[in-house]
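S.K.:
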Amino acid sequence: MKKQIIFLFALIFLTCPLYAEIIGRNRINLTIDNAIRIALDQNKSIQMQKAEINYARGNRLYALSRFLPKANVNYDYTYREAVLATESLPDHRKDTRIFTDYESDNMFSITAKEEFFDGGASIANYKQAELELTSQKETLRATILEVEFQTRRLFYGLLLAYETRRIALDLVEQAREHYERVEMLYGQGTTSRFDVLQSKVQVARLIPQLVNAENAIKLTKVEIKKLLDLDISFDVHAIGKLAFRPMEINEENFLLEAYEHRPEMRLKTLGVDIEKWGIEFAKSTGLPQVSGDFAYSAKSDDVADMVNKRHDNWAIGLSTSIAIFDGFSTAAKINEARAKYAHARLDREDYMKQIEVDVESACLNMGEAEAIINAQKDSIIEAKESLRLSEVRFDTGVGINLDVFDAQVALAEIEQSLAQAVYDYIMAKADLEKVMGREFFKEE
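Start counting the sequence shown at 6; every next residue gets the next number (the working numbering).
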C-alpha cells in the first residue's frame, strides 16, 4: 500500500509539468494592442466585408466590359444524306451553284458587335460601380472602427471586472477580519453575542457581490473570445490596468475631423454621388442608341477549302435608334432617380447634425467622467481614514458595528465609483475617436 501511494505521488509529480504546459498553451494574455490585432485579423465581420469589396471589384469589371466589343467565333458541322444542287457557272470567283446545302456542311463564322453610344448608360453604370467599390472600402473602415471599439469596450470592461472583483474581495476580507475581531472581543467579554451574529451575517451578505463579480469576468471573457474568434476553451487574461489619461477637449477641431474622416460621413457623400449618376442612367433610355456589328462566315463541304473567295462572305452594319414615345417610362425613371438624389442629400445633411450630437455627447461624457474621477480620488483617502477610525472606536467600545459596516461599504462604493468613472472616460474617449474616424494603430 505504501509503495502504491509513493508511485501515485511520483506520477502526479511527473505529469504536473505536462498539465502546466497545456494550461499555458490554452491561456492567452492580452494587451489592448494584441487584442485589437487579433480582432482585425480574425473577426468574421471584417472578413465578410473584405469579401464584399471583392464582389464590388467584380461588379466594376463587369461595368467596364460594356465599353468593350463583344466577339464570338463559331464552327458548325452537319452531315446530310442528300441535297439538291445545280452546276456552278464556269470561271466565276464565287460559288454560284444553287443548292439546298452541302452533304458535309462545315461552317465557320466570326461576329463582333460594339455599342458606340448608349445614351451614357455605360458611363453612368461604370461611375456607379466605381463609387460602390469606394463605398465598400469605407464600409470596411467603418467595420474596423466598430470592431476596434468593441474590442476596447470588452478589454477595458474585463479590467473593470477585475477591479470590481478586487473591491468585492477586499470588502469580504474586511468584513471577515472584523467578524474574527468581534468574536475575539466576545471571548474577552467586551462585546455582545448580537455583535458577533451581526458581523457574521454581514460577511454572508457580501458574498453574492463577489460571486457576481466573478460571473462578470467569465461573461466578459466569453464575449471577448467570440469577438476575437478564439477557441471557447482558451482562457483569456487582460494585462494592464484602468488608467486615467486626460485628453484636451476641442469640439470644433473634433467636428472638422469627423466631417472629413468618419467613414459613415463619406458613405453619405458617396451615396449622393451614386444617386446623381443614377439620374444620368435614367436619362440614357431616352437618348439615341448607336451600335455597329461585323460578321464573317465561310461555308464549304471541305474544311481545307473554306476560307477563300468562293466560300466566305462578310458583312458590316451600323444601327441607330431613338425612342419617340415609351409611355412616359423614361420620364418616370428620371423623376424616381431625382427623388432618390434629393433623399440622399437630405440624408447627408441629417447625418452631419448627428455627428454634431455624437461629438458633443462624447465630450460631455468625458467631462462628466473626469469630474467624478477628480472628486473620488480625494474621497478614497478620507474613506480609508473613516474606516480606520470606526474600527478604533468599535475596539474601544465607543462605536458600534454599524459604523464599521457603513465605513467598509462606503470605501468600496467610492473605489467602485472611481473605477467605473475611469472606465467611462476611456470609453467616451474611444467613442469620440470612432466618431472622428481615427483607427487605433494609426492613432498610435
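Built from N, CA and C at the ideal position, the CB exists for glycine as well.
If we ignore side chains and look at the alpha-carbon of each, how far apart do residue 135 and residue 65 end up?
M.R.: To locate residue 135, count along the sequence shown from 1; it is residue 130. To locate residue 65, count along the sequence shown from 1; it is residue 60. Residue 135 and residue 65: Cα-Cα distance of roughly 6 Å.
S.K.: Residue 248: which of 416, 410 and 378 sits nearest, CA to CA?
M.R.: To locate residue 248, count along the sequence shown from 1; it is residue 243. Comparing Cα-Cα distances from residue 248 to each of 416, 410 and 378, the minimum goes to 378.
S.K.: How would you write the range of the beta strand (DSSP E) that residue 84 sits in, first residue to last?
M.R.: Numbered from 1 along the sequence shown, position 79 holds the residue referred to as residue 84. Unbroken beta strand (DSSP E) run through residue 84: 75-84.
S.K.: Output the distance between the C-alpha atoms of residue 116 and residue 312, rounded to the nearest integer angstrom.
M.R.: As a position in the sequence shown, residue 116 is number 111, starting the count at 1. As a position in the sequence shown, residue 312 is number 307, starting the count at 1. Straight-line Cα distance between these residues: approximately 15 Å.
S.K.: Kindly list the residues whose CB is nearer than 7 Å to the CB of residue 426, restricted to its own chain and excluding five residues on each side of it in sequence; keep chain order.
M.R.: In the sequence shown, residue 426 corresponds to position 421, counting from 1. Result list for residue 426: 374, 377, 378 and 381, in chain order.
S.K.: Pull up the DSSP beta-bridge partners for residue 32, would you.
M.R.: Mapped onto the sequence shown, residue 32 falls at position 27. Answer is 240.
S.K.: Entirely within the stretch 240-270 and at least 3 residues each: give me those beta strand (DSSP E) ranges in chain order.
M.R.: Taking only runs of at least 3 residues, the beta strand (DSSP E) segments lying wholly in the stretch 240-270 are 240-243.
S.K.: Taking C-beta to C-beta, are residue 421 and residue 172 nearer than 8 Å?
M.R.: Numbered from 1 along the sequence shown, position 416 holds the residue referred to as residue 421. Numbered from 1 along the sequence shown, position 167 holds the residue referred to as residue 172. For residue 421 and residue 172, yes; Cβs fall inside 8 Å.
S.K.: Residue 138 and residue 61 - do their beta-carbons sit closer together than 8 Å?
M.R.: On the sequence shown, residue 61 is found 56 positions in, with the first residue counted as 1. On the sequence shown, residue 138 is found 133 positions in, with the first residue counted as 1. For residue 61 and residue 138, yes; Cβs fall inside 8 Å.
S.K.: In the DSSP assignment, find the unbroken alpha helix (DSSP H) run with residue 385 in it and report its ends.
M.R.: By 1-based counting over the sequence shown, the position of residue 385 is 380. Element bounds for residue 385: 334-400.
S.K.: Just mark residue 432 as buried or exposed, buried being the case when its beta carbon has 16 or more other beta carbons within 10 Å.
M.R.: In the sequence shown, the residue the question calls residue 432 occupies position 427. Per the 10 Å Cβ criterion, buried.
S.K.: If you drop the 5 nearest sequence neighbours on each side, which residues of the same chain put their C-beta closer than 8 Å to that of residue 283?
M.R.: Position 278 of the sequence shown, counted from the start, is the residue given in the question as residue 283. Cβ within range, chain order: 129, 133, 342, 345 and 346.
S.K.: What residues in its chain sit with their C-beta under 6 Å from that of residue 118, if we drop five residues either side in the sequence?
M.R.: As a position in the sequence shown, residue 118 is number 113, starting the count at 1. Closer than 6 Å at the Cβ level, and outside the excluded window around residue 118, lie 75 and 298.
S.K.: Can you tell me where the beta strand (DSSP E) holding residue 295 begins and where it ends?
M.R.: Here the question's residue 295 lines up with position 290 in the sequence shown. Start and end: 294-305.
S.K.: Is residue 219 closer than 8 Å to residue 170 when the C-beta atoms are compared?
M.R.: Walking along the sequence shown from the start, residue 170 turns up at place 165. Walking along the sequence shown from the start, residue 219 turns up at place 214. Taking 8 Å as the Cβ cut-off, residue 170 and residue 219 qualify as a contacting pair.
S.K.: Expressed to the nearest angstrom, what Euclidean distance is found between the alpha-carbon atoms of residue 314 and residue 306?
M.R.: To locate residue 314, count along the sequence shown from 1; it is residue 309. To locate residue 306, count along the sequence shown from 1; it is residue 301. Answer to the nearest angstrom: the Cα atoms are 15 Å apart.
S.K.: Please return the same chain residues whose Cβ sits closer than 6 Å to the Cβ of residue 287, not counting the five positions on each side in sequence.
M.R.: As a position in the sequence shown, residue 287 is number 282, starting the count at 1. The answer, listed in chain order, is 338, 339 and 342.
S.K.: To which residues does DSSP link residue 317 through a beta bridge?
M.R.: Translated into the one-based positions of the sequence shown, residue 317 becomes position 312. Answer is 303.
S.K.: So, does the stretch 160-169 touch the stretch 229-248, judging by three or more C-beta pairs under 8 Å?
M.R.: They touch, by the three-pair rule.
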